[in-house]
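Numbering (our numbering), first residue to last: 6 to 127.
Reading through the structure tokens given below for one structure.
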Amino acid sequence: MQQDNLKFVELDFVEIMKRIVARGVDTWENKKPNRAFLSKDERVILVPRALVEEFIPEAPHLLGYTTQKLLRDLRKLEDSPIVEVLGTAYPIKIPDESGRKVSVRPWPIKREWLEKRGVKIK
Numbered sequence: 006m007q008q009d010n011l012k013f014v015e016l017d018f019v020e021i022m023k024r025i026v027a028r029g030v031d032t033w034e035n036k037k038p039n040r041a042f043l044s045k046d047e048r049v050i051l052v053p054r055a056l057v058e059e060f061i062p063e064a065p066h067l068l069g070y071t072t073q074k075l076l077r078d079l080r081k082l083e084d085s086p087i088v089e090v091l092g093t094a095y096p097i098k099i100p101d102e103s104g105r106k107v108s109v110r111p112w113p114i115k116r117e118w119l120e121k122r123g124v125k126i127k
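Printed below as a string of structure tokens:
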């Protein structure tokens, strides 16, 4: 039963990521606090938690989920999309529209994991 639930979590997360990527993914040099962006080596997509949080209510199998619960379940997947070495504990300072540095703790998602599931990142 647990694996079935995780499969639905994975499917909904892929749909959430498709929507986030459709909004655009910035390069490391052009990162913004309210958009997904690539790591310097472009192997990881860094997604601000608020972006994921925005789409959770629209995901049919994530009813009642928080970002924390989603992150915990994604880590339980055999082939987890979360890059554990980076974790989500390290803040990245990004300048906002006014030029002030804002601290963001993005989710590090494996680009290869997403592309295997049909999420194309340009």
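Built from N, CA and C at the ideal position, the CB exists for glycine as well.
Here the structure is a predicted model, which means the values were calculated and not measured.
Proximity test, Cβ basis, 8 Å: residue i and chain B
| i | result |
| --- | --- |
| HIS66 | The structure shown contains no chain B; it is built from a single protein chain. |
8 Å Cβ cutoff met for residue i and residue j
| i | j | result |
| --- | --- | --- |
| ARG122 | VAL19 | yes |
| ALA41 | ILE50 | yes |
| THR72 | GLU89 | no |
Expected contact under 8 Å - CB spacing of residue i and residue j to nearest Å
| i | j | result |
| --- | --- | --- |
| ARG110 | PRO100 | Their Cβ separation, rounded to whole angstroms, is 16 Å, which puts ARG110 and PRO100 out of contact at 8 Å. |
| LEU68 | LEU75 | Not really, about 12 Å apart at Cβ, beyond 8 Å. |
Spatially closest choice to residue i from the options, by CA coordinates
| i | options | result |
| --- | --- | --- |
| ARG54 | SER103, GLY104, ILE87 | ILE87 |
| PRO117 | ARG80, ASP84, ILE25, LEU67 | Note that residue 117 is Glu in the sequence shown here, rather than Pro. Among ARG80, ASP84, ILE25, LEU67, the Cα nearest to that of GLU117 is on ASP84. |
| ASP46 | VAL124, GLU120, LYS115 | LYS115 |
| SER108 | ASN39, VAL14, PHE13 | ASN39 |
| VAL14 | LYS98, PRO62, GLU102 | PRO62 |
CA-to-CA distance, residue j to residue i, given in whole angstroms
| i | j | result |
| --- | --- | --- |
| PHE60 | ARG28 | 12 Å |
| ASP17 | LYS125 | 16 Å |
| GLU34 | LEU56 | 20 Å |
| GLU120 | VAL30 | 14 Å |
| PRO113 | ASP9 | 24 Å |
| LEU82 | LEU11 | 7 Å |
| MET22 | ARG80 | 16 Å |
| THR32 | LYS127 | 10 Å |
| VAL26 | ARG105 | 25 Å |
| SER44 | ARG77 | 22 Å |
| TYR70 | GLU102 | 31 Å |
| LYS36 | ARG24 | 18 Å |
| ARG48 | LYS98 | 20 Å |
heavy atom of the ligand FAD below 7 Å from residue i C-beta
| i | result |
| --- | --- |
| GLY123 | Among the components modelled here there is no ligand, and therefore nothing to report on the ligand FAD. |
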